[in-house]
Amino acid sequence: MNPLAHFIHHLAPILLILMTVVSCSQKTEGSKIRLGYLQNDLHHLPAFVAIEKGFFSAEGISVQVAGVFKAGPELMSAFGSGSLDLGYVGQAPATAAALNNVADIRFIAQVNLEGSSIVIDKESNAASIADLAGMSVAIPGHATMQDFLLRRAVARNGIGIERLTIIVLKPPEMLQALSQKQIQAFIAWEPYPAQAELNGTGKILMQSKQIWPRHPCCVLITSEKLCREQTDTIAKIRAAHDRACTFINNNPEEAIQIGVSYTGMPRDTVAAALSRIIFTAEIDTRSAEEFVAFLKELRYIQSHAPEKKLAEILYK
Amino acid sequence: MTARRMKRSFLFPVGLLILWQLCSVLGILPRSVIPSPVHIIAALYELLAEGLPRGSTLNMHCLYSLLRVACGFMLAASVGVPLGILCGWSRTVRDMLTPIIETLRPIPPLAWIPLAILWFGIGLTSATFIIFLGCFFPILLNTISGVVSVEPILINAARTLGASDRQIFLHVLLPGATPAIYTGLRIGLGIGWMTLVAAEFTGVKSGYGLGYMIMTARDIQRPDLVLAGMAVIGLTGFLLDCIVRLFEARALRWRS
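First to last, the sequence lines map onto chains U and B. Once you know that position 312 of the first sequence is 1106 in this note's numbering, the rest is easy, because the numbers rise by one and skip nothing. Once you know that position 1 of the second sequence is 7 in this note's numbering, the rest is easy, because the numbers rise by one and skip nothing.
What follows is the structure, given as structure tokens:
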């Protein structure tokens, strides 16, 4: 046997096994809906509540947690590879993924509005956004909702974003950097502002609702395939999600307990964080369009007609 | 390298790129999952012209990353090579340090990030520390292995001829270990580049760095820009490896 034939002879069975494993992992197990959400993100409380209170199963759908992610972009990559059917994720990574054709998805419901804050060092004398000029301010990433909020706040106060030193840090690291005076401020989603406030590291300079009232934050997404093939399942998922949002609004104490059990954070932190988040299933098309315009302005999206593409991904 | 070998080294990668492009054109590889070589070249142009984040161009990202890798690598080489020689030379030192080295070695540099920020803050020092961790162990272990593997018969022959410990060290041990030291330096440099993305996870004050640029491309969901960044890291690493090989060939001229 020549060396090439020998190589192929030995490699073929391995490749066959690998391909079988990969193809099996891509398929939905039975009729289970594969769910993904972000770790320790209180914005995704409706997911935790729907699982804990059995709202998905009450609708007759079987949801399996297929992935808990550290960040939205990874969750969207999982959607792109076909490993997820349903996801709780930030509107920013979901919009970028859909408009850059990384994942074929549909927004089937809003998850929450607001719920981010600008936090400054507890000893800082800054009293307004204008005082951030010259400071090092951390954001969780470029083209995130927090990036957008900070830019909007800064522009409204008449200072250019270039007057700030922008540093990209993941929220858990922001707290540490603030306590070490490596940064003077940060903008992040809950529960990180609440954590900074309650552990005495920082204080809230401005809540996101003061920058953009009722701004969108996280969305519930599904694959386009699921939307096209199983409209009844989508209706059931929306009903379960809607019920979870209503439950949180009507039973704050129980919602806090579920938040505590899923994040492992102290009760006071979870309670403070939840007081700044609005849970709703209603998508606001205008806000979604506004965010797309922001991404377009920064030339972060490749779609030539992003508004048209957005209209396609908003599931009616 | 003979003309035939050079041709082979050039033609095979080019052939692969053509095949990749063909698969993309035929739709076998979807652009959203694996962008084609042409799209990656277009992305490279975009990074050079517009930058990512916008205004932060590729050449500046390269410069800052080179600086970080150079600092981490130099530090690792300046600690790893002498310590490796010492460990190889003295069994006592080797016995004392082996448990510590072997415990620390498997810890991935990514796991050190929270501590790096805590100890060194955000910026060049913490990034240097993370890259140092990546480079250090291959340099150290290859140096130890190089010193230990010097034939005892050579040392004994030198001793019989009346060589002092200093002479044995300088004229037998060090030249004998040099090939392994260079191998360690080359592996260390490669791993240094591999840890760059993790290092630039520690927060980049300057707003520049190839790892930082790749993470931004990830945030905006642009696989073409991610691959373009990866290609730049790969090519820069390859070029640096060629430079180290040149130094190696010069230092080991005595072998031929």
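Quick reminder that beta carbons are idealized off the backbone N, C-alpha and C, glycines included. As the structure is a computational prediction, the values presented were derived from the model and not from experiment.
| Query | Result |
| --- | --- |
| Is there a Cβ of chain U sitting closer than 8 Å to that of B/Tyr218, yes or no? | yes |
| Which residues of chain B have a Cβ atom closer than 7 Å to the Cβ of U/Gln976, listed in chain order? | Gly127 and Ile128 |
| What separation, rounded to the nearest whole angstrom, lies between the Cα atoms of B/Thr149 and B/Ala255? | 17 Å |
| Which residues does DSSP list as the beta-bridge partners of U/Leu1020? | Paired residues: none, contrary to the question. |
| Could you check whether the Cβ of B/Arg224 sits closer than 8 Å to any Cβ belonging to chain U? | yes |
| Let's test the definition: count the other Cβ atoms within 10 Å of the Cβ of B/Leu28 and tell me whether it reaches 16, buried, or not, exposed. | exposed |
| Thinking just about the alpha-carbon of each residue, which of B/Leu32, B/Pro88, B/Ala55 and B/Gly129 is nearest to the one in B/Ala205? | B/Gly129 |
| Strictly below 7 Å CB to CB, what residues from chain B border U/Glu1111? | What is shown of chain U runs 795 to 1110, which leaves residue 1111 of chain U out entirely. |
| Please work out which residues of its chain come closer than 6 Å, Cβ to Cβ, to U/Ala1066, disregarding the five sequence neighbours upstream and downstream, and give them in chain order. | Ala988 |
| What did DSSP end up calling U/Ala1111 once you bin it into helix, strand or coil? | Because chain U is modelled from 795 through 1110, residue 1111 of chain U falls outside the range shown and cannot be assessed. |
| Between B/Gly213 and chain U, is any beta-carbon pair separated by less than 8 Å? | yes |
| Report all residues from its chain with a CB closer than 7 Å to the CB of B/Pro43; omit the five preceding and five following residues, and keep chain order. | Leu23, Trp26 and Gln27 |
| U/Glu1101 to U/Glu1083, Cα distance in whole Å? | 7 Å |
| What residue range is occupied by the uninterrupted alpha helix (DSSP H) comprising B/Ile107? | Arg97 to Leu110 |
| Counting only the same chain and skipping the five closest in sequence on each side, list residues whose C-beta sits under 8 Å from that of U/Arg1093. | none |
| Please classify U/Val816: does DSSP put it in a helix, a strand, or coil? | Any answer about U/Val816 is weak, because its pLDDT of 46 lies below 50 and its placement is not dependable; what the coordinates show is given next. Helix at U/Val816. |
| Within 10 Å of its beta-carbon, does B/Tyr51 have 16 or more other beta-carbons around it, so buried, or fewer, so exposed? | exposed |
| Within 10 Å of its beta-carbon, does B/Val203 have 16 or more other beta-carbons around it, so buried, or fewer, so exposed? | buried |
| Would a C-beta distance cut-off of 8 Å place U/Ile1095 and U/Asn894 closer than the cut-off? | yes |
| Is there contact here, the region 932-948 of chain U with the region 1047-1064 of chain U, by at least three beta-carbon pairs under 8 Å? | no |
| Measure the C-alpha to C-alpha separation of U/Leu969 and U/Ala1033 and round it to an integer number of angstroms. | 37 Å |
| Compare the C-alpha of U/Val913 against each of U/Lys997, U/Val883 and U/Ala971 and name the closest. | U/Lys997 |
| Less than 8 Å between the C-beta atoms of U/Lys1030 and U/Glu853, yes or no? | yes |
| So with Cβ pairs under 8 Å, would you call B/Pro41 a contact of chain U? | no |
| Measuring only the C-alpha atoms, how far is U/Glu1018 from U/Gly928? | 45 Å |
| Are any of the Cβ atoms in chain U nearer than 8 Å to that of B/Ser30? | no |
| Who are the neighbours of B/Ser38 on chain U, taking C-beta pairs under 7 Å? | Gly874, Asn895 and Val896 |
| How many angstroms separate the CA atom of U/Lys864 from the CA atom of U/Gln833? | 6 Å |
| Quick check on DSSP: helix, strand or coil for B/Tyr51? | helix |
| Run the CB neighbour count on B/Trp260, radius 10 Å, all protein chains shown included, and call it buried at 16 or more, exposed below. | exposed |
| When DSSP builds the beta bridges, which residues end up paired with U/Asn906? | U/Cys1012 and U/Phe1073 |
| Between which two residues does the beta strand (DSSP E) carrying B/Gly182 extend? | Run containing B/Gly182: none in the beta strand (DSSP E); it sits in the alpha helix (DSSP H), Leu180 to Met200. |
| List the residues of chain U that B/Pro59 touches, going by C-beta distances under 7 Å, in chain order. | His936 |
| Taking all protein chains shown into account, decide if U/Thr1027 is buried (16 or more other Cβ within 10 angstroms of its Cβ) or exposed. | buried |
| So, with DSSP's three-state summary, where would you put U/Tyr1056? | helix |
| Starting from B/Thr63 and walking both ways along the alpha helix (DSSP H), at which residues does that stretch end? | Looking at the DSSP string, B/Thr63 is not in any alpha helix (DSSP H), and its letter there is neither H nor E. |
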